[in-house]
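In the numbering used here, the protein residues as written are 88 to 285. Beta carbons are placed, not taken as given, at the ideal position from N, Cα and C, and that holds for glycine.
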């Protein structure tokens with residue numbers, strides 16, 4: 088059973104919701120990211136979402152964009168993010184880590200090489216914010232081959248036929264984008280979210 092599957096089984100058994108905090112790897116510093124991840128677990132995080140710094144994080148609001156800028160200025164790269172995960176895994180082999188990033192650095196790395204390096208580092212899943220639909224099968228196959236979950240996004244504007252396709256292919260969990268627009272923008276309508284995920 089994968090770490091993600093185990094966490095969700097435990098949450099369901101305990102009848103509780105999970106806590107999945109997000110941090111940008113390398114912000115405020117590359118050397119501080121591992122200790123930050125351990126602190127989040129100590130504070131109750133069930134799963135960690137680790138942002139891969141990118142020069143044009145178009146789906147992020149200003150706070151997270153600044154985090155990407157600081158991390159890149161600190162020399163953070165996709166390779167260093169994977170090294171950060173491997174370092175975290177030296178002391179924690181139970182808490183799932185889902186990397187969240189953009190397609191361009193992964194494409195440059197090479198899907199199969201990226202999947203293999205991610206599995207070796209101890210990553211459990213991947214959220215690719217801007218993955219073109221025509222490339223989903225390629226990366227999904229590479230991730231599946233090494234036992235990693237490709238986490239799909241659904242938003243309030245996702246057409247129902249696409250939602251059904253995502254539900255059929257989903258592994259790990261489905262990420263529901265609760266607010267239209269960039270992260271941190273707009274008001275959260277919790278009633279609408281409840282209706283959408285029911």
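With DSSP as the reference, label residue i as helix, strand or coil.
i: residue 136; result: strand
i: residue 198; result: helix
i: residue 154; result: helix
i: residue 261; result: strand
i: residue 161; result: coil
i: residue 191; result: helix
i: residue 120; result: helix
i: residue 130; result: coil
Would you call residue i buried or exposed, if buried means 16 or more other Cβ atoms sit within 10 Å of its Cβ?
i: residue 178; result: exposed
i: residue 93; result: exposed
i: residue 119; result: exposed
i: residue 152; result: buried
i: residue 155; result: buried
i: residue 244; result: exposed
Got a sec, what are the start and stop residues for the alpha helix (DSSP H) residue i sits in?
i: residue 236; result: Not the alpha helix (DSSP H): residue 236 falls in the beta strand (DSSP E), residues 236–241.
i: residue 223; result: 223–232
i: residue 168; result: 165–176
i: residue 94; result: 90–101
i: residue 111; result: Residue 111 -> not in any alpha helix (DSSP H); beta strand (DSSP E) instead, spanning 109–111.
i: residue 256; result: 247–256
i: residue 147; result: First-last for residue 147: undefined, no H or E at that position.
Which residues in the same chain have their Cβ closer than 7 Å to the Cβ of residue i, if we skip the five residues on either side of it in sequence?
i: residue 203; result: 233
First and last residue of the beta strand (DSSP E) that includes residue i?
i: residue 213; result: 212–215
i: residue 188; result: 184–188
For residue i, which residues of its own chain have a beta-carbon under 8 Å away from its beta-carbon, when the five flanking residues on both sides are left out?
i: residue 105; result: 94, 95, 98, 133, 134
i: residue 262; result: 214, 238, 239, 240, 241
Report all residues from its chain with a CB closer than 6 Å to the CB of residue i; omit the five preceding and five following residues, and keep chain order.
i: residue 131; result: 106
i: residue 259; result: 91, 212, 236, 238
i: residue 193; result: 201
For the ligand GDP, is there a heavy atom less than 8 Å away from the beta-carbon of residue i?
i: residue 262; result: Questions concerning the ligand GDP fall outside what the structure shown contains, since it holds no ligand whatsoever.
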